[in-house]
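Structure first, commentary second.
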Amino acid sequence: MAAGASVAMSIELGHFALILAFAIATVSAFGGYLFWRSGTRIALVLSQAALLQFVLIAVAFLALVQAFVTSDFSLLLAVNNSHSLKPLVFKISGVWGNHEGSLVLWIFILVTFGAMVAAFGRRLPGDLLTLVLATQSLLTSAFAGFTLFTSNPFARVFPAPLEGNDLNPVLQDIGLAIHPPLLYAGYVGFSICFSFAIAALISGRIDQAWARWVRPWAMLSWLFLTLGIAMGSYWAYYELGWGGWWFWDPVENASFMPWLAGTALLHSALVMEKRNALKIWTIFLSIITFSLSLLGTFLVRSGILTSVHTFASDPTRGLVILTLLALVIGGAFFLFALRAASLRQGGLFAPVSREGALILNNLFLATAIGAVLVGTLYPLLLDALTGTSISVGAPFFNLTFGALMAPLLLVLPFGPLLAWKRADVVAAAQRLMWAAALAIFFTILISALGGVSISLAPLGLLLGFWVAFGAFAELVERTRLGRLPVQESWRRLIGLPRSAFSTALGHFGMGVTVLGIVATTAWETERVTTLNPGESTELSGYIIAFDSFEQVPGPNYLSDEGRFTITAPNGSTRQTMADRRTYVASGMPTTEAAIETYGFSQLYLQLGEPLDDTHIVRIWHKPYITLIWLGTILMALGGVVSLTDRKVRVGAPRRAAKAKPVPVR
């Protein structure tokens, strides 16, 4: 009884902590905006308030976790999304596997970033720090208020049922325990860039130092979003059982658009930091990136989409979110419109220069965002305005996005080799000759091994190899590899700034991902057949034998397991298992595919529904598909390397030491 009372008390404590955090955030926001000129004293107060918000939201979040872990079904959220038989990890992930709990996670990450700025931003000017923390508090107040008044996660039920309704079985997977926190860290992390943009517009502090302060936060958020999208892609690939890694689902697009905008922001902030140029564009990107994150929040929670990714189906909540979206984005762009005319462009540069290359990069990325945005929202708007339902699917996105990305990939290796302000494109091309030669050689080799056919695959491979090899051209040039003794080149290599390595890793990862996409799209093979235990089939040189079939009970489901032996072309054999699960509480089925990796390729096997006395078996051979996710990991690793650079990690320059007087002799 005492334990039950303790859990109940923790729920009430969490509810109170959320209310108190909402109140503190509201006061901090208004106080910060009213007294931002008051110097470091108000900045110190808001910093302490930001840390207190973090502690309070952490208490609220942990109260939900405790209720789920202990299966406290007096909490309505636990009743609707948990079950006492669930494994512990899925009890915990069930906290954010729903609308209300995921909002608390969103707010927790929001206040975490605010607390990080308060803790590590003490070298920022007092007025700028005050405005940044005030904007973060305003966002916290808005989302905490929305949670409390429309989506209360601490609602109770009496009498408490003996058992819960369980979480959607599709979400009971380790991928969904990792994917949402990473994705939210990326989404919400860009709120810091947004807050810096609002602070800069109000205070007028828009200079190279501002870009230096913003870039680490943009990099950190981009890193998390990259990993979150990759994890979501791989989860959809292995868990949903259809063998695809990207479907251009509106919710997938909602996470992809902020990633594209964040990528543009990183490159634009670099130009602003190095050359004090692109000020207006960098501020605009800081606003639009977080705005696209909020748009994703609206799509997921408004009820206008039906998807395994969505949480809510309540139009009232969607209307409230749309109102918040309009106020936050509309207010930001209104302020931008008021201040943009007074902003100076900054340094001048020639079209052929590193600045020019980065602008071209931004142009293609911005156009790609527009294409994805139109393809995502047009069917929704058309349905809302006219009642006409249309589908904009993969062919549209593949054609438009591919057409925009091809020229971007073509010019990508040139950027790091161009000088600031004015450059020689012919000289850069000469330094890339070896990369072009290697790209052509490997394209011909892989095309011959994969089977030559009339398609765009060789062009895609050529672009992928070109980007991958070209990524290291700057390192080769700066170390003068092949023109100096190896020891001297090595000495130069280890002396390079980490930013050079992060750029090379990021671009190389992009090339690797392109290679994976092209190869698996061009040479994937599939077979759908019926098999009984003891029978076998063949696909792409692999022999798949159906060994046995049995029903096995799981922790909270019943499993129909099919066991198979796979014989590879080289004669090696592996045993694997694919199953179909039916969950006890909900009666919902899921498909668990068997995936065997051979080098960078995979054999993907799905056990379908029984057909009379036989079983439908779907088999795919996916050449080089793991390169897709390996490339994203390399891109994220490039971000990690960048953040370890002390100049970037500190974020703000140290105050210059006072010069000592020179004695007069």
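Okay, so the sequence shown: first residue is 519 according to the numbering used here, each after it adds one.
Even glycine gets a Cβ: it sits at the ideal position worked out from N, Cα and C.
Just so we're clear, the structure is a prediction, and the values are computed from it rather than from any experiment.
When the Cα of L538 is compared with those of L570, L562 and L840, which residue comes out closest? L570
Paired residues, beta bridge with P698 - DSSP: None, per the DSSP bridge assignment.
Name the two residues that bound the continuous alpha helix (DSSP H) containing K792. P768 to R793
Starting from R1098, trace the beta strand (DSSP E) in both directions and tell me its first and last residue. R1098 -> beta strand (DSSP E) spans T1091 to Y1101.
From L685, F808, D1078 and F854, pick the residue whose C-alpha is nearest to that of L843; which is it? F808
Output the distance between the C-alpha atoms of R819 and A578, rounded to the nearest integer angstrom. 21 Å
Taking just the CA atoms, how far does I610 sit from M749? Between M749 and I610, the C-alpha separation is close to 18 Å.
Alpha carbon to alpha carbon, what distance is there between L999 and A884? 36 Å
Per DSSP, cross-strand counterpart(s) of H1133: Beta-bridge pairing links H1133 to L1049 and P1128.
Supposed contact pair A858 and I908 - C-beta distance, whole angstroms, cut 8 Å: Actually they are not in contact, since the Cβ atoms of I908 and A858 sit about 36 Å apart, beyond 8 Å.
Residues near L594 by beta carbon distance below 6 Å, same chain, minus five either side: Within the same chain, A673 and V675 come within 6 Å of L594 by CB-CB distance, once the 5 residues on both sides are set aside.
Considering Cα atoms alone, identify which of L935, P1071 and V587 is closest to M951. L935
Nearest-angstrom Cα separation, counted from D1097 out to F540: C-alpha of F540 to C-alpha of D1097: approximately 46 Å in a straight line.
Rounded C-alpha distance that separates P1128 from A1086: 26 Å
Is D1078 helix, strand or coil by DSSP? strand
Just checking my contact of Y1142 with A1037 at CB under 8 Å: how many whole Å lie between their CB atoms? 4 Å
Cutoff 8 Å; reference L564; Cβ partners in own chain excluding five residues on either side: S546, G549, G550, A636, L647, T648, L651, A652 and S655
Could you pull the DSSP bridge partners for I1200 from this structure? Summary: the structure shown does not reach residue 1200, with the chain confined to residues 519 through 1183, and so no result is reported for it.
Identify whether K604 lies in helix, strand or coil by the three-state DSSP scheme. Coil.
Between R1173 and the rest of its own chain, which residues show a CB-CB distance below 8 Å, the 5 nearest in sequence each way excluded? Caution applies to R1173, whose pLDDT of 45 falls short of 50 and renders its modelled position unreliable; the value that the coordinates give is listed next. So the list reads R641, once near-sequence residues are dropped.
Pick helix, strand or coil for S1119, following the three-state DSSP scheme. Here S1119 sits in strand by DSSP.
Spatial neighbours of F774 in its chain, beta-carbon cut-off 7 Å, leaving aside the 5 residues before and after: Counting only Cβ-Cβ distances below 7 Å, and skipping sequence neighbours, we find I747 and V890.
With E995 as the anchor, note down where its beta strand (DSSP E) starts and where it stops. Where E995 is concerned, there is no enclosing beta strand (DSSP E), although the alpha helix (DSSP H) it sits in stretches over A991 to T997.
Excluding the 5 residues preceding and the 5 following K939 in the sequence, name in chain order all residues of the same chain whose CB lies nearer than 6 Å to its CB. F867 and S871
For A736 and P780, believed in contact at Cβ under 8 Å, the rounded distance: It should be pointed out that residue 780 corresponds to Gly in this sequence rather than to Pro. Confirmed, Cβ separation roughly 6 Å.
For L531, which residues from the same chain have a beta carbon less than 7 Å from its beta carbon, with the 5 sequence-adjacent residues on both sides left out? For L531, the CB contacts under 7 Å within the same chain, skipping 5 residues up- and downstream, are V577 and A581 in chain order.
For F742, which residues in the same chain have their Cβ closer than 7 Å to its Cβ, ignoring the five residues on either side in sequence? L700, A703, G704 and G707
Is T588 helix, strand or coil by DSSP? Three-state result, T588: coil.
Local Cβ density within 10 Å of S1090, reported as buried at 16 or more and exposed below that: exposed
What do you reckon, are the CB atoms on L1123 and T1094 nearer than 8 Å? yes
Would you report the Cα separation of T1021 and A989, rounded to the nearest angstrom? 8 Å
State the CB to CB distance for the pair I1134 and V1046, rounded to an integer number of angstroms; the pair is presumed to be in contact (CB under 8 Å). 7 Å
With E1110 as the anchor, note down where its beta strand (DSSP E) starts and where it stops. P1107 to E1110
Would you call the region 600-617 in contact with the region 584-591, where contact means no fewer than 3 C-beta pairs closer than 8 Å? yes
Could you pull the start and end residues of the alpha helix (DSSP H) that D942 belongs to? Where D942 is concerned, there is no enclosing alpha helix (DSSP H), given that its DSSP letter is neither H nor E.
Taking the alpha-carbon positions, what's the H533 to A543 distance? 15 Å
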